[in-house]
Amino acid sequence: MCPADKKTIVLALRGDMVHRLTVKAMMLKKKTNEVVEALQAGADLDSVGAKGVESLDARSIVKATVAPGNGVLTVHGGPDGATKLSFTTPGSDADAILAEILGRSGRSFETATEEIGVGEAIVPPLIVGAFAGLIWAVVYGMAGQLASGKEVEIKGRRQGMQQMALWVAELLGYNGTLAVGAVLGLLIVGWLVARLVKRPQRTVWLPAGAAATGVASA
1 MCPADKKTIV
11 LALRGDMVHR
21 LTVKAMMLKK
31 KTNEVVEALQ
41 AGADLDSVGA
51 KGVESLDARS
61 IVKATVAPGN
71 GVLTVHGGPD
81 GATKLSFTTP
91 GSDADAILAE
101 ILGRSGRSFE
111 TATEEIGVGE
121 AIVPPLIVGA
131 FAGLIWAVVY
141 GMAGQLASGK
151 EVEIKGRRQG
161 MQQMALWVAE
171 LLGYNGTLAV
181 GAVLGLLIVG
191 WLVARLVKRP
201 QRTVWLPAGA
211 AATGVASA
């Protein structure tokens with residue numbers, strides 16, 4: 001089986017247009033650098049090596065948002081306002097990048113805040129919970145084997161991680177592993193509930209006057 005290609009998104013601004021380029025490759029960093037260099041040299045979007053290109057006229061933007069943490073920006077626009085482009089920024093500078101995009105719209109925007117949706121609120125705890133649960137399950141299985149007098153065999157891939165999990169299982173013991181699992185579960189559930197009760201706020205940009213008239217509720 002061939003390894004799956006990795007994927008990243010590149011933002012390109014040309015005149016009034018905002019472009020979202022999807023780059024896929026096994027050697028992703030090298031391919032991304034090639035795409036960026038081609039863009040900087042002024043190459044056509046269709047010839048830079050991206051797997052897909054989505055475009056939006058900045059002058060059509062009816063709404064823009066920056067997620068909590070300042071790491072993700074989304075712009076809504078197009079002829080009917082239904083086109084949506086999202087970008088993740090590695091430097092937590094989504095607001096600065098969005099300012100550059102909105103500066104090409106030819107209009108002024110007003111900022112407001114709104115609560116993120118339920119789905120957005122629960123995703124981080126679920127991801128952390130799944131990752132922590134997987135690690136705990138491995139340690140718990142090893143602790144159970146040790147408690148029953150069996151020898152834990154380290155084999156296959158990622159033996160270093162297996163060895164570390166075995167060390168934790170030996171350190172905590174069976175009951176200690178159960179206790180840690182219970183505490184982790186309570187912490188993650190508490191985090192999830194807290195995010196649902198008081199959801200994080202995202203920053204919203206609307207064309208001047210749109211908030212008062214109810215326009216741009218995409």
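The opening residue of the sequence shown carries number 1 in the UniProt record's numbering; numbering runs sequentially from there.
Every residue gets a Cβ at the ideal spot worked out from N, C-alpha and C, and that includes glycine.
Check, Outcome
"Whole-Å CB distance - I101 paired with L184, under 8 Å assumed", "That belief does not hold up - the Cβ atoms of I101 and L184 are roughly 40 Å apart, past 8 Å."
"Distance CB(V75)-CB(A50) smaller than 9 Å", "no"
"Close Cβ partners of G78 (< 7 Å) along its chain, the five nearest in sequence each way excluded", "L56 and S60"
"Boundaries (first-last residue) of the beta strand (DSSP E) holding A112", "F109 to E115"
"Closest Cα partner of I116 within the set V35, A99, G69 and L39", "G69"
"Rounded separation between E37 and D46 - CA only", "14 Å"
"Endpoints, alpha helix (DSSP H) assigned at G141", "V118 to A147"
"Bounding residues of the alpha helix (DSSP H) (the contiguous stretch that carries K31)", "L28 to Q40"
"D80 - containing alpha helix (DSSP H), residue span", "D80 -> no alpha helix (DSSP H), and no H or E assigned at all."
"Beta-bridge pairing of S92 - partner residues as DSSP gives them", "The partner list for S92 (beta bridge, DSSP) is empty, contrary to what the question assumes."
"Per-residue burial, M142 [other beta carbons within 10 Å of its own, 16 or more giving buried]", "buried"
"Own chain partners of S108 with C-beta closer than 8 Å, once the 5 adjacent residues on each side are dropped", "P207 and A208"
"Reference N175; option with closest CA among G144, Q40 and D95", "G144"
"Three-state class that DSSP yields for I154 in the structure shown", "coil"
"First through last residue of the alpha helix (DSSP H) which encompasses G52", "Segment G52 to D57 is the beta strand (DSSP E) holding G52; no alpha helix (DSSP H) there."
"Unbroken alpha helix (DSSP H) run spanning residue 219, endpoints", "With the chain covering 1 to 218 only, the question about residue 219 has no answer from this structure."
"Of the listed residues G149, R195, L196 and V189, nearest to G173 (C-alpha basis)", "G149"
"Nearest-angstrom Cα separation, counted from K7 out to M26", "9 Å"
"R104: first and last residue of the uninterrupted beta strand (DSSP E) it sits in", "Looking at the DSSP string, R104 is not in any beta strand (DSSP E), and its letter there is neither H nor E."
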